[in-house]
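Colleague: Residue numbers (the working numbering): 1 to 486.
Even for Gly, the Cβ is constructed at its ideal location relative to N, Cα and C.
Please read all numbers here as calculations on a predicted model, not as lab measurements.
Questions regarding the structure given below will be posed in turn.
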Ligand SMILES: [Zn+2]
């Protein structure tokens with residue numbers, strides 16, 4: 001069994017994540033988070049929230065908003081998604097299986113299809129006699145398949161075409177004028193939005209890496225185009241693999257790469273550094289992270305520069321955040337299409353602000369955390385221990401175990417549960433089975449601390465705190481539990 005297969009087995013069995021609609025045969029691109037996975041995912045979201053809303057305080061103001069996931073066609077016409085948010089698709093005429101046309105050509109002919117049209121791809125498929133990967137059947141002509149889910153809002157004369165948002169960013173942009181007023185008309189400011197987005201992918205695979213409905217956290221940083229970012233400080237950090245748009249690789253710190261002009265824009269360097277630190281804090285393996293600049297051909301025409309943080313996983317390369325200088329393209333588009341001015345007056349000039357966008361996936365980091373934290377250990381006696389080394393900030397909850405289900409121990413454990421609940425901690429209580437077995441079950445889902453209530457607890461009000469990674473056990477007074485656990 002490969003590592004990721006073992007991880008997926010635990011994920012399904014213990015309720016981290018599993019396919020949606022299982023009883024109806026499932027539908028690719030949709031996953032449920034179970035009781036454990038939901039806690040982990042919320043912890044990831046909270047870390048991002050805290051990193052921008054709390055920890056940036058003093059550098060710049062960042063606030064969170066929440067917008068609907070469905071909006072009218074005008075928004076997506078202006079943003080360009082109706083016209084060009086699509087993938088080249090080709091179908092088998094015999095078995096009807098759809099494929100990404102550019103991927104199919106790239107795999108078969110070992111060439112790059114960057115910038116090719118549907119006609120060029122069709123010609124390559126015909127001339128090279130490429131066939132269906134599934135049944136060997138003939139393929140039809142390549143066409144553009146829009147990746148947005150389209151729907152109708154309201155009946156009769158009120159009917160409007162609507163689209164499920166393919167990104168959170170546009171819903172932030174269209175509210176810019178109001179956000180500017182609320183921010184008391186000062187630049188820079190950041191707006192964070194965490195929520196679901198939808199992309200009707202042609203054939204999503206790879207579990208929660210490519211989903212049709214997924215969660216994003218996007219921070220739009222509105223700035224004066226002349227901003228020199230004196231309020232953002234790059235830290236001295238460890239070296240990381242950095243790949244520029246010409247495939248030149250350096251292994252230096254992010255700070256150095258900015259000083260050497262590789263990551264030219266200081267705000268981009270800052271948010272890349274912040275993101276890498278955030279991922280490490282979540283438990284993602286630093287050694288497997290790299291930075292990659294988008295090539296000229298893959299970058300949107302209006303974007304001045306775009307960088308991704310990627311995780312080299314067992315499943316291949318996974319992009320977990322993208323940081324892009326989007327100029328003032330989006331705001332200008334919405335200004336032109338809505339007729340509503342997006343200009344502001346700031347620093348003695350009138351202009352449409354620029355935006356640096358920091359776009360996190362949430363589901364992808366969850367997978368990267370799970371893969372990074374997976375540990376298989378063999379004891380000297382030859383017993384295998386399998387667990388997730390989640391950091392306490394990611395760990396789903398604290399476990400409370402009475403040693404025995406008698407002699408007043410469960411009642412005493414109930415008191416400990418109350419203490420933890422009052423401290424706003426998520427608790428899982430279990431009184432059945434041997435204590436070793438309960439520890440093993442807690443380890444398997446990455447619980448950082450398990451608390452055991454035994455006969456000494458009744459005498460001196462202390463409990464045993466067991467640390468997952470070291471298996472170390474320490475007596476702690478119930479009064480001090482909150483401090484120790486937090
Ligand atoms: Zn076929």
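(1) Cβ of residue 101 within 7 angstroms of any heavy atom in ligand 1?
(2) Under the criterion of a Cβ to heavy atom distance below 7 angstroms, does residue 97 qualify as lining ligand 1?
(3) Within the continuous alpha helix (DSSP H) that includes residue 333, where are the two ends?
(4) Taking only the alpha-carbon atoms, compute the straight-line gap between residue 219 and residue 169 and give it to the nearest angstrom.
(5) Please list, in chain order, all residues of the same chain as residue 66 whose beta carbon is under 7 angstroms from its beta carbon, the five residues on each side excluded.
(6) Answer yes or no: the CB of residue 92 versus the heavy atoms of ligand 1, is any distance below 7 angstroms?
(7) Could you check what DSSP says for residue 57 in three-state terms: helix, strand or coil?
(8) Under 8 angstroms, with one C-beta from each stretch per pair, do the stretch 415 to 431 and the stretch 465 to 472 reach the 3-pair mark?
(9) Can you tell me where the alpha helix (DSSP H) with residue 175 in it begins and where it stops?
(10) Ligand 1 and residue 389: does the residue's C-beta get closer than 7 angstroms to at least one heavy atom of that ligand?
(11) What did DSSP end up calling residue 294 once you bin it into helix, strand or coil?
(12) Applying the criterion that 16 or more other CB atoms from any shown protein chain within 10 Å of the CB defines a buried residue, is residue 157 buried or exposed?
(13) Going by DSSP in three states, residue 426 sits in which element: helix, strand or coil?
(14) Given that a residue counts as buried once 16 or more other Cβ atoms are within 10 Å of its Cβ, and exposed if not, what is residue 500?
(15) Along the chain, where does the alpha helix (DSSP H) containing residue 359 start, and where does it finish?
(16) Provide the residue(s) that pair with residue 100 in DSSP beta bridges, ordered along the chain.
(17) Exposed or buried, residue 164, counting other C-beta atoms within 10 Å across all chains shown (16 or more means buried)?
(18) Take residue 53 as the anchor and find which of 63, 447 and 362 has the nearest alpha-carbon.
(19) Considering only C-alpha positions, which residue in the set 330, 61 and 443 is nearest to residue 190?
(20) Which one of 481, 406 and 445 has the shortest CA to CA distance from residue 454?
(21) Tell me whether residue 68 is buried or exposed, calling it buried when 16 or more other Cβ atoms sit within 10 Å of its Cβ.
(22) Does ligand 1 have even one heavy atom less than 7 angstroms from the beta-carbon of residue 316?
(23) Would you call the CB atoms of residue 33 and residue 41 closer than 8 angstroms?
(24) Can you give the Cα-Cα distance for residue 319 and residue 114, rounded to whole angstroms?
(25) Which residues bound the alpha helix (DSSP H) around residue 2?
(26) Can you say whether residue 480 is buried or exposed, counting buried as having 16 or more other CB atoms within 10 angstroms of its CB?
(27) Is the distance from the Cβ of residue 396 to the Cβ of residue 36 below 8 angstroms?
(28) Could you name the residues that DSSP lists as bridge partners for residue 190?
(29) Out of 134, 370 and 150, which one is the CA nearest neighbour of residue 11?
(30) Only counting the same chain, and skipping five residues up and downstream in sequence, which positions put a Cβ closer than 6 angstroms to that of residue 243?
(31) For the putative contact between residue 123 and residue 131, defined by C-beta atoms under 8 angstroms, what is the C-beta separation to the nearest angstrom?
(32) What's the C-alpha gap between residue 28 and residue 198?
(33) Does residue 263 pass the burial test, meaning 16 or more other C-beta atoms within 10 Å, or should it be called exposed?
(34) Under 6 angstroms Cβ to Cβ from residue 145, same chain only, skipping five residues before and after it: list those, please.
(35) With a Cβ-Cβ cutoff of 8 angstroms, do residue 290 and residue 349 count as a contact?
(36) Would you please state the rounded distance, in angstroms, between the beta carbons of residue 282 and residue 391? I believe it to be under 8 angstroms.
Modeller: Based on what the coordinates show:
(1) A distance criterion of 7 angstroms places the beta-carbon of residue 101 beyond contact range of ligand 1, judged by its closest non-hydrogen atom.
(2) Placement of the Cβ of residue 97 at a distance of less than 7 angstroms from at least one heavy atom of ligand 1 is found.
(3) It spans 329 to 338 - the alpha helix (DSSP H) in which residue 333 sits, taken as one unbroken run.
(4) Distance between the alpha carbons of residue 219 and residue 169 is about 8 angstroms.
(5) Counting only Cβ-Cβ distances below 7 angstroms, and skipping sequence neighbours, we find 193 and 195.
(6) The answer is yes for residue 92.
(7) Coil.
(8) In short, these stretches do not touch, since the Cβ pair count stays below three.
(9) Note, residue 175: premise wrong, no alpha helix (DSSP H); not H, not E.
(10) Residue 389 Cβ: outside cutoff for every heavy atom of ligand 1.
(11) If DSSP states are grouped into helix, strand and coil, residue 294 belongs with coil.
(12) Exposed.
(13) Residue 426: coil per DSSP, three-state reduction.
(14) This structure does not reach residue 500, given that the chain is present from 1 up to 486, and the question cannot be answered.
(15) Annotation for residue 359: no alpha helix (DSSP H) segment contains it, though the beta strand (DSSP E) segment containing it runs 354 to 361.
(16) The partner list for residue 100 (beta bridge, DSSP) reads 89.
(17) So residue 164 counts as buried.
(18) When each option's Cα is compared against that of residue 53, the closest is 63.
(19) The candidate whose alpha carbon is nearest that of residue 190 is 61.
(20) Of the candidates 481, 406 and 445, 406 places its Cα closest to the Cα of residue 454.
(21) Label assigned to residue 68: exposed.
(22) Checking the Cβ of residue 316 against ligand 1 gives no.
(23) Contact check for residue 33 against residue 41 passes: the beta carbons are separated by less than 8 angstroms.
(24) Cα to Cα, the separation comes out at about 19 angstroms.
(25) No alpha helix (DSSP H) holds residue 2; DSSP gives it neither H nor E.
(26) Exposed: under 16 other Cβ atoms inside 10 Å.
(27) Yes, the pair counts as a contact, with Cβ atoms nearer than the cut-off.
(28) Residue pairing from DSSP places residue 190 in a beta bridge opposite 62 and 221.
(29) A check of alpha carbon separations from residue 11 across 134, 370 and 150 identifies 370 as the nearest.
(30) 249 and 292, listed in sequence order.
(31) Contact between residue 123 and residue 131 does not hold, since the beta-carbon distance rounds to 16 angstroms and is not under 8 angstroms.
(32) One Cα belongs to residue 28, the other to residue 198, and the distance between them is close to 13 angstroms.
(33) Residue 263 comes out buried.
(34) Once the five neighbours on either side are set aside, the close Cβ partners of residue 145 are 86, 87 and 89.
(35) Residue 349 is positioned such that its CB atom lies no closer than 8 angstroms to that of residue 290.
(36) At roughly 7 angstroms, the Cβ-Cβ gap stays under 8 angstroms, so residue 282 and residue 391 are in contact.
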